[in-house]
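Below is one structure, written out as structure tokens; comments come after it.
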Ligand code: SME
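Residue numbers (the UniProt record's numbering): 1 to 158.
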């Protein structure tokens with residue numbers, strides 16, 4: 001249904017990220033994904049600026065939830081477990097944080113450097129089961145490019 005050339009997107013993102021600044025690059029990455037992929041209603045970065053808590057960073061879409069503790073929601077799970085979370089139906093997740101009632105499926109990829117969590121990239125869709133395994137691998141590759149091309153300062157001691 002959504003056949004996307006993620007290898008091409010990766011090369012485009014590599015070219016787009018022409019600084020090493022985390023704020024510029026995270027804003028550009030969110031805007032690039034939001035305007036390139038179909039059926040998304042929110043794309044953003046949450047940063048670990050305090051222990052065990054995510055703070056809202058650059059994003060595209062409606063104003064969103066802030067802060068998110070590690071023990072809540074899909075973003076919290078991705079941060080706590082340092083593992084990608086792909087949820088077909090967020091309504092089925094008991095502690096899902098509903099920032100926007102329109103969101104149905106979600107993909108959250110942790111941004112981890114040397115085993116330490118810097119933040120997460122969160123994609124939301126109004127469509128049930130929007131994200132396939134192929135989307136997951138593709139977005140994880142885009143996150144790897146973001147990490148490789150960006151200086152990511154840690155805001156807390158880890
Ligand atoms: N739904 C997320 C919260 C973040 S927003 O959707 C922007 C969650 O449960 O972690």
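Using N, Cα and C, we set each Cβ at its ideal position, and we do this for glycine too. In this text, all values refer to a predicted model and were calculated from it rather than measured experimentally.
Is there a Cβ of chain B sitting closer than 7 Å to that of residue i, yes or no?
i: residue 62; result: Looking at the structure shown, chain B is missing, and only one protein chain is on hand.
Do the CB positions of residue i and residue j come within less than 7 Å of each other?
i: residue 128; j: residue 105; result: yes
i: residue 140; j: residue 90; result: no
i: residue 32; j: residue 13; result: yes
i: residue 48; j: residue 121; result: no
i: residue 73; j: residue 96; result: yes
i: residue 130; j: residue 39; result: yes
Let me confirm a value: residue i is counted as buried when at least 16 other C-beta atoms fall within 10 Å, else exposed. Which label applies?
i: residue 19; result: exposed
i: residue 71; result: exposed
i: residue 124; result: buried
i: residue 35; result: exposed
i: residue 81; result: exposed
i: residue 8; result: exposed
i: residue 85; result: buried
i: residue 3; result: exposed
i: residue 28; result: buried
i: residue 57; result: buried
Would you say the beta carbon of residue i comes nearer than 6 Å to a heavy atom of the ligand SME?
i: residue 57; result: no
i: residue 97; result: yes
i: residue 115; result: no
i: residue 151; result: no
i: residue 22; result: no
i: residue 73; result: yes
i: residue 124; result: yes
i: residue 64; result: yes
i: residue 118; result: no
Hey, quick one: how far does the beta strand (DSSP E) through residue i stretch, first residue to last?
i: residue 47; result: 42-50
i: residue 59; result: 53-61
Would you give the residue range spanned by the alpha helix (DSSP H) that residue i belongs to?
i: residue 9; result: 6-16
i: residue 140; result: 133-148
i: residue 74; result: 73-81
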